[in-house]
Structures are given as C-alpha cells and as structure tokens.
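Student: Here you go, one structure.
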Amino acid sequence: MRKGIAFPHIRRQSRVAKPPQQATSMKSRLFRIMRWTVIVGICCLVVSQFFGPAKTNPSTDTSQSIEARLQITPPVAAILDRSCNDCHSNKTRWPWYSNVAPVSWFVINHVDEGRENLNFSEWGRYTQRDVDGLLKQICREVKTGAMPLTSYTPLHPRSRLSKEDVKTLCDWTTAEHLRVTSP
Ligand code: HEC
13 MRKGIAFPHI
23 RRQSRVAKPP
33 QQATSMKSRL
43 FRIMRWTVIV
53 GICCLVVSQF
63 FGPAKTNPST
73 DTSQSIEARL
83 QITPPVAAIL
93 DRSCNDCHSN
103 KTRWPWYSNV
113 APVSWFVINH
123 VDEGRENLNF
133 SEWGRYTQRD
143 VDGLLKQICR
153 EVKTGAMPLT
163 SYTPLHPRSR
173 LSKEDVKTLC
183 DWTTAEHLRV
193 TSP
C-alpha cells in the first residue's frame, strides 16, 4: 500500500503492454544506424577522392623508347601495345574507373609498380645486363600467364594473349636477345 503511493508511476508503467512499442523503437533505431552508416560512407567516399596517388603520363623522349632502341616488328609492337603498355609505358590509357577512389588507388599503384619494374618508354636507361634479363623475363612472364596481370584482363579482354601471341613475343625476345648480345 505504501509502496503504491510512493511510486505510482512505476506501477502504472509496468502495466502497459510493452512488446509492440519495443519492436517499433528497435526498428527505428536500426533505421537510424543504417541511415548514418550510409551518410558516413558517402562522406568517406567523397573525402577519399582528394587523397591517394595521382595518375601520371610523364612525357618522355621518344629516342629512349623500346621502339627506338630495339628492332620491333609490327605484330610485336601491336601485342605490347594492347597487352602491356597500359602498365609498362608512359602511354597509359586510363580507364574511367581510374578517376574514382578507392578503385583508382589500386589501378594507379599497379601502373606505378609496373613502370618501376619495366618501362618501354624509358628503355634507354637500361644497361646491357638489364636488357638481357628483361628480354628473357618478358618471355617467361607471358609463357607462365603471369602477364598481363589477371586483375587486368577481365576488363581488357583484348589484352589476353593467344598461344600464337606468346610464340610471337618469345620468338622476338629470343631473336633480339641474340642480336643485342652478339658482338
Ligand atoms: C595491369 C598492369 C600490368 C599489365 C597489363 C602488364 N603488367 Fe607486367 N607487371 C605489372 C606489375 C605491377 C609488375 C611488378 C610486380 C609483379 O611482378 O607482379 C609487373 C612486372 C613485370 C615484369 C617483371 C619485371 C622485373 O624486373 O621483375 C615483366 C617482365 C612484365 N611485367 C612483363 C609484362 C608484359 C610482357 C606484359 C604484356 C604482355 C605485361 N607485363 C602486362 C603490371 C602489369
């Protein structure tokens, strides 16, 4: 009796049927969380556009290019152009998604790393030893299917190499290797 008078609001509240009310407040809480997740996600995406590596196509002296330094047949030039140049030259054709972070970060990193390892536009800076190794490695990479990268080919189907393409490239690297190393 005394308890009832002291805390009437508690007793009244406990009599109210709660489950439906709780269910709706849970839903609206979830909805609020989801809405904030989307808003924060969009903000992160927008902000991310201002960060990350930048796309570059450095201008280069054409006398340094592989075409100027080695004897390249038109079929070989065509293969290098459609399958390798996007990552291994300064003549990258940037796809539209290379403008959208965070995808652009992966694309730009691949190109930067590819150019660092092998750059057809800057072939002139390679020593005789480098040329030796690179020519052999070009054949090895395409024979094993390591190049062009498997992350690249689905969006660039034309870059896939047929058996004949691989043979054309390897015949050429072997011939060039012989030519540049013979005294
Ligand atoms: C999507 C970008 C991309 C494409 C296209 C691509 N490469 Fe690469 N390539 C790379 C990256 C990144 C590396 C360095 C890391 C690695 O070896 O995986 C590399 C490394 C190499 C190396 C090793 C060089 C060294 O010093 O170790 C050779 C050789 C090579 N690529 C040849 C080719 C050839 C030939 C083609 C065309 C048939 C080609 N790549 C197409 C990205 C690419």
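Numbering-wise (the working numbering), the sequence shown opens with residue 13 and increments by one. From the three backbone atoms N, C-alpha and C, an ideal C-beta is built for every residue, glycine too. If you're wondering where the values come from, they're calculated on a predicted model, not measured in any experiment.
1. Can I78 and F132 be called in contact, C-beta distance under 8 Å?
2. Should T185 go down as buried or exposed, given a rule of 16 or more other Cβ atoms within 10 Å for buried?
3. Among S60, I91, S116, whose alpha-carbon lies nearest the alpha-carbon of R170?
4. What distance in whole Å lies between the Cβ atoms of L173 and V154, which are believed to be in contact at a cut-off of 8 Å?
5. Verify whether the separation of the beta carbon atoms of L181 and V88 is less than 8 Å.
6. Taking C-beta to C-beta, are G126 and H100 nearer than 8 Å?
7. By Cβ distance, which residues of its chain are closer than 6 Å to R14, with the 5 residues on each side in sequence left out?
8. If I follow the unbroken alpha helix (DSSP H) through R170, where does it start and stop?
9. Under the three-state reduction of DSSP, which class applies to T193: helix, strand or coil?
10. By how many angstroms is the C-alpha of P195 removed from the C-alpha of P166?
11. Residues in the same chain with beta-carbon distance under 7 Å from R94, minus the five sequence neighbours each way, listed in chain order, please.
12. Helix, strand or coil for C96, going by three-state DSSP, please let me know.
13. Given a threshold of 16 other Cβ atoms within 10 Å of its Cβ, counted over all protein chains shown, does L161 qualify as buried or as exposed?
14. Less than 8 Å between the C-beta atoms of R67 and I120, yes or no?
15. So N102 packs on P70, CB below 8 Å; how close in whole Å?
16. With a CB to CB cut of under 8 Å and the five nearest residues on each side skipped, what residues in its chain are close to D177?
17. Can you list the alpha helix (DSSP H) stretches of 4 or more residues lying completely in the segment 46-133, in chain order?
Tutor: Working from what's here:
1. yes
2. buried
3. I91
4. 6 Å
5. yes
6. yes
7. Only weak support is given to the placement of R14: the predicted model assigns it a pLDDT of 49, under 50, and the value that follows is read from those uncertain coordinates. Answer for R14: no residue qualifies.
8. Taken as a continuous stretch (DSSP letters only), R170 belongs to no alpha helix (DSSP H), as it is neither H nor E.
9. helix
10. 43 Å
11. R170, S171
12. coil
13. exposed
14. Here residue 67 is Lys; the residue named in the question, Arg, does not match the sequence. Taking 8 Å as the Cβ cut-off, K67 and I120 qualify as a contacting pair.
15. 5 Å
16. I91, S95, V154
17. 78-81, 86-95, 97-100, 115-129
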